[in-house]
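Protein chains: 2
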Amino acid sequence: MKQDDAIDAFSALAHETRLAVFRLLVREGPGGVPALEIARRLDAKPSTLSGHLAVLKRAGLVSATRRQKEILYAPNFGSVDALVRFLLEDCCGGDAAACGSLPSIAGAGAEP
Amino acid sequence: MKQDDAIDAFSALAHETRLAVFRLLVREGPGGVPALEIARRLDAKPSTLSGHLAVLKRAGLVSATRRQKEILYAPNFGSVDALVRFLLEDCCGGDAAACGSLPSIAGAGAEP
DNA sequence: TCGTCATTTCGGGCATTGACGAAATATGAA
DNA sequence: TTCATATTTCGTCAATGCCCGAAATGACGA
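From first to last, the protein sequence lines stand for chains A and B. At position 74 of the first sequence (counting the first as 1) the number is 74 in the working numbering, and the numbers step up by one without a gap. At position 5 of the second sequence (counting the first as 1) the number is 1005 in the working numbering, and the numbers step up by one without a gap.
Take a look at the structure:
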């Protein structure tokens, strides 16, 4: 992961509606939710939400697939994993044990 | 974690310099690095960097402790952990197995 | 093909954020 | 106390992000 990609992802999540969208999709799981249903559930205007979904998609956080007339949005769990790894890369100069459980758990310490 | 706290954290990380600062501190570990040294290493103006450090601190991502004349900044690993948990909360409606390894690993699925 | 539903694109207007230098504050040493 | 180092605060400027309605596009069924 490049720094710019990480910034795109963090920027995408740094917004009330977009964060709510992503968390909604996470709760729903890989099956996906149609755009208009997301708008309905979050009480957002379809045009505004469409822009937010585009941002999330450009950041790689969600993926979109068409099912008939609808477009289903689903979360991309791998992108979260990559983001955390990037954030904690080379944690504590390689001594991951010094940083608590998450870094080693996420595999973000120095690779042996 | 509240949604607003998560947004503060994501906003803080959604910036080239601030993200570089945080990753630098992660690499350095819990010992901490003085503000001016961070500025020197990242080639940033001290006044500009001071603002960025304040943003990171307000977001709970770093902590500051004074050592003599200097102020040492260190990463707050717990905040990253909380952020990931918040992001993946109730993943896949509780069926964490459906989402890949990270959610269950991070303890972000539905609590049994 | 035609109409309809689902979604996206576009343009305008408002608010927020970021960079920088100069000056202010805080700490330790002589 | 007085000086020097370390860091923060402040004011100004430019740039970016966001919301919304109206219109355009895409896909399906009659």
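Every residue, glycine too, gets a C-beta built ideally from N, C-alpha and C. All values derive from a computational prediction rather than experimental measurement.
Neighbourhood of residue i by C-beta, 6 Å cutoff - its chain only, sequence neighbours within 5 removed
i       : result
B/T1065 : L1072
B/L1013 : L1019
A/E70   : P34
B/S1063 : A1074, N1076
Paired residues, beta bridge with residue i - DSSP
i       : result
B/P1075 : B/V1062
B/P1034 : B/L1072
A/R23   : Note: A/R23 sits in no beta bridge, so no partner.
B/R1040 : Bridge partners of B/R1040: none, in fact.
A/R67   : A/E70
Chain B within 7 Å of residue i, Cβ atoms only
i      : result
A/R27  : yes
A/G100 : yes
A/V33  : no
A/S11  : yes
A/V84  : yes
A/V55  : no
Exposure label - residue i; buried when at least 16 CB within 10 Å
i       : result
B/E1016 : exposed
A/G29   : buried
A/G58   : Reading the sequence as shown, one finds Arg at residue 58 of chain A and not Gly. So A/R58 ends up on the exposed side.
B/A1097 : exposed
A/R23   : buried
Sequence-distant residues of its chain with Cβ nearer than 8 Å to residue i (five each side left out)
i       : result
B/A1006 : L1083, F1086, L1087
Spatial neighbours of residue i in its chain, beta-carbon cut-off 7 Å, leaving aside the 5 residues before and after
i       : result
A/G32   : T65, L72, Y73, A74
B/L1056 : A1012, R1018, V1021, F1022, V1062
Option nearest residue i by Cα separation, candidates the options
i       : options                            : result
A/S101  : B/A1098, B/A1059, B/V1080, B/L1049 : B/V1080
B/A1039 : B/C1092, B/L1053, B/G1094          : B/L1053
B/D1090 : A/G94, A/D90, A/L25, A/L42         : A/L25
B/G1078 : B/D1004, B/A1009, B/D1043          : B/A1009
Proximity test, Cβ basis, 7 Å: residue i and chain A
i       : result
B/D1043 : no
B/D1005 : no
B/S1047 : no
B/E1111 : Any answer about B/E1111 is weak, because its pLDDT of 49 lies below 50 and its placement is not dependable; what the coordinates show is given next. Not closer than 7 Å to any Cβ of chain A, the Cβ of B/E1111 fails to qualify, so no.
B/V1062 : no
B/A1014 : yes
Distance cut-off 6 Å: residue i Cβ against heavy atoms of the ligand SAH
i     : result
A/S63 : For the structure depicted, the ligand SAH is absent and the ligand set is empty, with no information on it obtainable.
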